[in-house]
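With mature numbering (1 follows the signal peptide of the UniProt record, and there is no 0) as the guide, the letters of the sequence shown map in order to residues -21 to -1, 1 to 154. We put the CB at the ideal spot given by N, CA and C, even for glycine. Reading through the structure tokens given below for one structure.
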Amino acid sequence: MKKINLLLLFLLLACALPAQDGISVFIGRANRYASVELSDYRKRLCLEYNISNHSLDDYYRRCGNDWGNVGIALEIARTSGKKMRDVCDYYKRYHRYGWNRILVEIGIKPGSMYYNPFYNRVHHHSDCWHEYYNSYCERHDKFHHKKHKYKKPKKHHKRHCRHYDDDDDDDDDDD
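See the structure below:
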């Protein structure tokens, strides 16, 4: 019996980890785009989910002041049919456990009719945020594809060509 429970736990974790990773990628990409084009990001959310700017500001405050969380919460509300106010309440109650816990509590879990459509839309929007960010960087000559490590500047000493200044006042001429 313990082996079966252990196997079921392992299978549940194996299914949940890629899902959590997809949500994390979405949040990261949405935040990255919002950091460079916040007005356009807000406009796209308002149009996509048919909400007002005032409501969007309220959701931003209720979702931990994180634009990626707002995007995920809006998608959860659309997929599940719940009101955004309810999704924000679930976020407030369960955010320390992660988005997977919030999804399970709302009813978007493996095997439910909402699971595949939700993750398909999250993947699609994640790709869109990534493309929008790259487009912005190309238009503004900003390429942020790699984070460069700090390198200590090299010291350029010419050891063999050092010139010493003889500053003593005595005259070394032995004439």
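Straight across, the Cα-Cα distance linking N79 with R57 is about 17 Å.
The beta-carbon distance between G1 and H102, rounded to whole angstroms, is 6 Å. This is short enough to meet the 8 Å contact definition. Judged by DSSP in its simplified three-state form, C116 adopts helix. Between the beta-carbon of I85 and that of Y69 there is about 6 Å, and that keeps the pair under the 8 Å contact cut. Around the beta-carbon of G90, fewer than 16 other beta-carbon atoms lie within 10 Å, marking it exposed. Between W46 and Y93, the alpha-carbon positions lie close to 23 Å from each other. In the structure shown, M63 falls within a helical segment according to DSSP collapsed to helix, strand and coil.
Within the model, the alpha-carbon separation for Y115 versus V49 is close to 21 Å.
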